[in-house]
Structures are given as C-alpha cells and as structure tokens.
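Numbering (full-length UniProt numbering), first residue to last: 1 to 162.
Down below is the structure, laid out as structure tokens.
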C-alpha cells in the first residue's frame with residue numbers, strides 16, 4: 001500500500017458532500033420562497049398606493065368642481081346677494097365616487113369711493129369645497145376617516161364681486 005492511498009477516505013468525503021448538497025438545496029429553496037413573498041408584498045403595497053393616487057386625483061377634481069359650482073352660485077345664483085355660512089352638499093358618487101360639501105362665506109368691505117364721495121362696497125366670497133369618499137351625508141366624514149381607503153381633499157377659493 002502506498003502512503004498516498006487511505007482506505008475509506010473517499011467514501012466519507014462523498015457522504016459529507018451528499019449531505020451538504022441537500023442542506024444547500026433546502027437553504028436555497030427557503031431563500032427563494034422568502035424572496036417571492038417579499039415581491040408579492042411589495043407588489044400589493046404598490047398597487048394600493050397606485051389606487052390611492054388615482055382616488056386622490058379624483059377627490060381633487062371633485063373639490064375643484066365643487067369650488068367652481070360655489071363660485072357660480074355666489075356670482076349668478078342664490079348666493080349672489082351674500083352668503084353667511086351657507087352650505088350645500090353635492091352628491092357626485094355616481095360619476096366620481098365622491099360627495100362634496102360646499103360652504104360659502106361673504107364679507108363686505110368698503111374700498112375707496114365711487115367718485116361722489118360714497119364708499120364702494122366690495123364683497124369678498126370665501127368658498128370651501130371638501131370632497132371625500134366617505135359613507136356619510138357630508139364631508140369631512142369623521143366616521144370614515146379611520147379607513148385606509150378614505151380620501152379627502154379641500155379646495156379653498158376667494159373671489160370678489162368686482
């Protein structure tokens with residue numbers, strides 16, 4: 001027998017490599033499963049974020065529509081002679097899934113004179129339009145605000161009668 005050959009040496013080494021291969025395969029499988037779970041979780045989170053971005057844009061559009069409607073009421077409608085905390089709710093759920101609560105306040109200021117020595121009255125309208133996707137009758141909807149899908153946007157506009 002030569003000194004370089006040891007009986008049984010190759011057998012133990014092969015058994016060790018075979019057991020290590022099974023352990024490595026299990027480890028790789030677990031790591032791939034964790035990676036797949038992370039991808040699914042991140043994907044779900046980004047889809048929820050995207051849906052909230054879309055709903056937020058719709059809420060802002062609904063609030064803008066409510067502000068424009070309020071300005072129309074202030075300059076051509078029933079609020080033309082003034083409004084003092086006048087409130088009306090627009091139900092736009094059929095089109096946008098949002099309701100909009102529009103509030104108007106008007107303040108009269110005397111500004112300069114009209115050339116005859118009389119003060120000119122200037123009316124400043126403040127229109128607030130709050131849009132939300134709550135289940136209540138008005139916005140803001142405090143009962144629905146705790147939901148993760150609740151969206152609320154406000155548009156505040158000031159305009160004068162001149």
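Using N, Cα and C, we set each Cβ at its ideal position, and we do this for glycine too.
Whether residue i touches residue j by CB criterion (9 Å)
i: residue 134; j: residue 144; result: yes
i: residue 123; j: residue 107; result: yes
i: residue 128; j: residue 77; result: no
i: residue 137; j: residue 99; result: yes
i: residue 125; j: residue 160; result: yes
Three-way DSSP call (helix, strand, coil) for residue i in this model
i: residue 26; result: helix
i: residue 143; result: coil
i: residue 84; result: strand
i: residue 70; result: helix
i: residue 136; result: coil
i: residue 161; result: coil
i: residue 102; result: strand
i: residue 53; result: helix
i: residue 77; result: coil
i: residue 21; result: helix
Extent of the continuous beta strand (DSSP E) run through residue i
i: residue 126; result: 119-132
i: residue 147; result: Run containing residue 147: none; DSSP gives neither H nor E here.
Unbroken alpha helix (DSSP H) run spanning residue i, endpoints
i: residue 94; result: 93-96
Residue of the options minimising C-alpha distance to residue i
i: residue 94; options: 25, 62, 139, 130; result: 62
i: residue 82; options: 109, 136, 53; result: 109
i: residue 120; options: 162, 146, 75, 79; result: 162
i: residue 84; options: 105, 28, 101; result: 105
Beta-carbon separation (whole angstroms), residue i vs residue j, contact threshold 8 Å
i: residue 154; j: residue 130; result: 5 Å
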